[in-house]
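Chemist: Below you will find the structure I want to go over with you.
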Amino acid sequence: FFFFFFFQAEDGIRDVERSRGLGDVYKRQVHGSVLEHTSSTIKNLTETKEQLQDENYELTEKIVSLIKDKEELTKNYNELKRENSQLESNESTYTPVSYTHLRAHETSLHLVCRLLLEKKKKKKK
1324 FFFFFFFQAE
1334 DGIRDVERSR
1344 GLGDVYKRQV
1354 HGSVLEHTSS
1364 TIKNLTETKE
1374 QLQDENYELT
1384 EKIVSLIKDK
1394 EELTKNYNEL
1404 KRENSQLESN
1414 ESTYTPVSYT
1424 HLRAHETSLH
1434 LVCRLLLEKK
1444 KKKKK
């Protein structure tokens, strides 16, 4: 007795020859749409990559500009700090003077202004 067993592959993967059945046509249609989807995805990813590179370039320029601004502000701050310390050291050399001493150095313009202010105060009283 001889027994032969035949097994048919359900997905057609084990077949040597390509199937001409409806399943094969369906597979080819899906494959085509996958290719179209993949190519459009690659195109979108390429565009996104270019946009990100442009944004990266712009952000890099802004960072460089901010660093330069920071350096300039630091320089200005240090100059102001140095000037302030010089002024503080000079303030200690000033000595207070009397009102009479100030009036002795009064110019004619200051004198006129002071007299007008005093006259105005007297009128209010």
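Numbering (my numbering), first residue to last: 1324 to 1448. Quick reminder that beta carbons are idealized off the backbone N, C-alpha and C, glycines included.
#1: List the endpoints of the continuous alpha helix (DSSP H) containing T1423.
#2: In angstroms with no decimal places, state the Cα-to-Cα distance between Q1374 and S1408.
#3: Taking the straight line between their C-alpha atoms, what separation do you get for V1353 and K1366?
#4: Quick one: what does DSSP say T1430 is sitting in, helix, strand or coil?
#5: Does DSSP classify T1361 as helix, strand or coil?
Modeler: According to the structure shown:
#1: Y1422 to A1427
#2: If I take the Cα positions, the gap works out to 50 Å.
#3: With a pLDDT of 48 at V1353, under the threshold of 50, the predicted position of this residue should be treated as unreliable, though the coordinate-derived value follows. Cα to Cα, V1353 sits roughly 20 Å from K1366.
#4: Three-state DSSP puts T1430 in coil, outside helix and strand.
#5: helix
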